[in-house]
Amino acid sequence: MPCSLRVSWTLLAATPVAASLYTQPCPLYGQNYPAPTGLATSKHVEAAAESVLDQLLKAKNGTTSYGPLDTDTTAFSVDFYSLESEGTLFSHHYTPAQLLGQRTVGVEEVDSDTIYRVGSVSKLWTVYLYLIAAGDQSWNEPITKFIPELHELVQGQEPDPTKFFADFPTQHPVVASYETPVYSNTAFQILGYALENITGKLMHELFSQHLVAPLNLTSTSYHPPPTPDTSIVPYNTSISWWFADLLDLTPAGGYFSTANDMRKVGKAILGSTQLDPAVTRRWMKPHSFLSNRDAAAGAPWEIYRAPGEPTITMMTKAGDLGMYSSYVVLVPELKVGLTVLSAGGSASDNTRILGDILVDAFVPAVRAAAADEAAEVYAGTFSADAAGSSITLVSEGDEAGLSLEQWSFGGQDVLALLGRLKGANITARMYYSGLEAETPNGTVSSWRAVYQAVARAVGPGPLSPICDSWFTVDGLTYGGVGLDEFLVTTVDGKAISIEPRVLGVPMSRAD
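The sequence shown maps to residues -19 to -1, 1 to 492 in mature numbering (1 follows the signal peptide of the UniProt record, and there is no 0).
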């Protein structure tokens, strides 16, 4: 409902302004733009693909800026995709002649359907499988609730000595629970036991029921495939570890898959096609910091900041087993992912170098594409002549969100009024909240504005916040509506109106 501007500013004068005062824009953590949808035709993605291919071709005759890439003894497959793309946005496969000359079984040339061992990426799929089959309500329950053998150990009883837990009484804890993150294979073996007890089904049955069948994973398996004919096998099945069945440790590192199938799983996670979106969001968050200040640990995510993007997170999982290595990277804010698979003498080193090459090329490209789409869809001037009101939105490619360049209501400059109350020149940027609704009039998306002074010296102390915009969100309300909330309606990929909810006056596109 429209409100009196005089009443609004009287309220403002009596309440601290929800403003973050910094020398640089202080974006909210997270998406900030809608995820781009036109990546298949994006000039930025095309340029990134050319850059990656050029680096890979040059690596055959030398090195990369990330280190030497072994192109003599190690085969690899890389794949980059988006949630919106039908297939892959970029893929490349390489099979060295030297490796082929020494192979005894398997494919002669790797492609998107070549089977690799994925190592500890299995841990990621095991947790995903747990969330699909059991949900996350039991995630923080004591593990002894689901595994009687562990409960017996806690009670001082003798477990069955033929079982996995027989040696547990002689083992000391590594650290106290919740003290520090420690990598563990055993934990995922135990998680597999728990899931079997919760569901009453064996892990390989759950794997087929909830992953292989619904996602049509035609070349993915829990156990070693019946034949290595469609796999890449360095040297032979024994030296490479292709033939090794990890038995009960399979949930920690034993799965087999291909670039095509791993893309299907990545897109299912990004699109929450098998989980409630709220469950996906909870899952794709850190559980603990690491000694690397730019990294965190999840379940079982290995989490990093995107290059040059402090508000964008890369959810990753690496895996090594025998002569195989793999890497999965998902960027939920941008709805893109990539897969790296390697097999050979330098599989682990190659996988990390290839991952760095793809991330450094494609993530900034997708971010630039998102900015371009935001400019095309949302930028412009919107007005309501009867109310003497208008808003101008500008997209600045180097900065996240949209700049609220001009905002007037009833003929008055809203940003200037905010500035006078604060005693400083105020700027405003709008950030996409991720909330949308389909209505008869179009798609309505929610955006939040961050108001901050143009300049302010940041204190030198460790508790002086560099960026605390999250404190201010919905901090000032009138009639239960935040001063920072804006609703934007789009039709056929173009914003047709914007409404500052606190004023209740929709403004239609004027340009």
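Even glycine gets a Cβ: it sits at the ideal position worked out from N, Cα and C.
Residue i - DSSP class collapsed to helix/strand/coil
i: M265; result: coil
i: H153; result: coil
i: F224; result: coil
i: H204; result: coil
i: A280; result: coil
i: I171; result: helix
i: A434; result: strand
i: P140; result: The predicted position of P140 is uncertain, since its pLDDT is 45 and thus under 50; a value taken from the coordinates is nonetheless stated next. Coil, per DSSP.
i: T211; result: coil
i: T218; result: coil
i: S329; result: helix
i: I334; result: helix
i: N422; result: coil
i: E67; result: coil
i: N178; result: helix
i: E122; result: coil
i: D82; result: Position check: residue 82 holds Gly in this sequence, whereas Asp was assumed. G82 falls in the helix class under three-state DSSP.
i: V472; result: strand
i: E357; result: helix
i: T45; result: strand
i: Y111; result: helix
i: F452; result: helix
i: S370; result: strand
i: I250; result: helix
i: V88; result: coil
i: T22; result: helix
i: C7; result: coil
i: S158; result: coil
i: S445; result: coil
i: T199; result: coil
i: T408; result: strand
i: S(-16); result: With a pLDDT of 45 at S(-16), under the threshold of 50, the modelled position of that residue is not reliable, and the figure given next carries that caveat. Looking at S(-16) - three-state DSSP - the assignment turns out to be coil, as it is neither helix nor strand.
Within 9 Å, strictly: CB atoms of residue i and residue j
i: E357; j: G474; result: yes
i: S58; j: Y97; result: yes
i: S427; j: E417; result: yes
i: R244; j: T69; result: yes
i: H74; j: D92; result: yes
i: M411; j: S370; result: no
i: T107; j: A233; result: yes
i: F224; j: P195; result: no
i: S221; j: G116; result: no
i: I338; j: Q36; result: yes
i: D301; j: G100; result: yes
i: Y14; j: A360; result: no
i: T294; j: Y308; result: no
i: P162; j: A278; result: yes
i: I372; j: Q387; result: yes
i: V33; j: F343; result: yes
i: T471; j: G423; result: yes
According to DSSP, residues forming a beta bridge with residue i
i: Q393; result: F390
i: M304; result: None; M304 has no bridge partner.
i: H73; result: V59
i: W428; result: Y413 and F467
i: M488; result: I479
i: S323; result: F57 and S306
i: V375; result: S384
i: R98; result: F237
i: G318; result: Y62 and L311
i: R274; result: Answer is none; R274 lacks a bridge partner.
i: V462; result: Y459
i: Y285; result: A276 and M295
i: F363; result: I372 and R490
i: N13; result: Y413
i: E290; result: A287
Supposed close pair residue i, residue j - CB separation, criterion 8 Å
i: I250; j: L311; result: 6 Å
i: T44; j: N331; result: Not confirmed; about 12 Å, so no contact.
i: P481; j: A365; result: 10 Å between Cβ atoms; not a contact.
i: A430; j: A397; result: 15 Å between Cβ atoms; not a contact.
i: K266; j: L64; result: About 19 Å separates the two Cβ atoms, so there is no contact after all.
i: A114; j: T180; result: 5 Å
i: S200; j: D60; result: With 8 Å as the limit, S200 and D60 do not qualify as a contact, their Cβ atoms being about 14 Å apart.
i: D455; j: G463; result: 4 Å
i: D229; j: Q170; result: 5 Å
i: Y111; j: L176; result: 5 Å
Any C-beta of chain C under 9 Å from that of residue i
i: V310; result: Among the chains in the structure shown there is no chain C, since it carries only a single protein chain.
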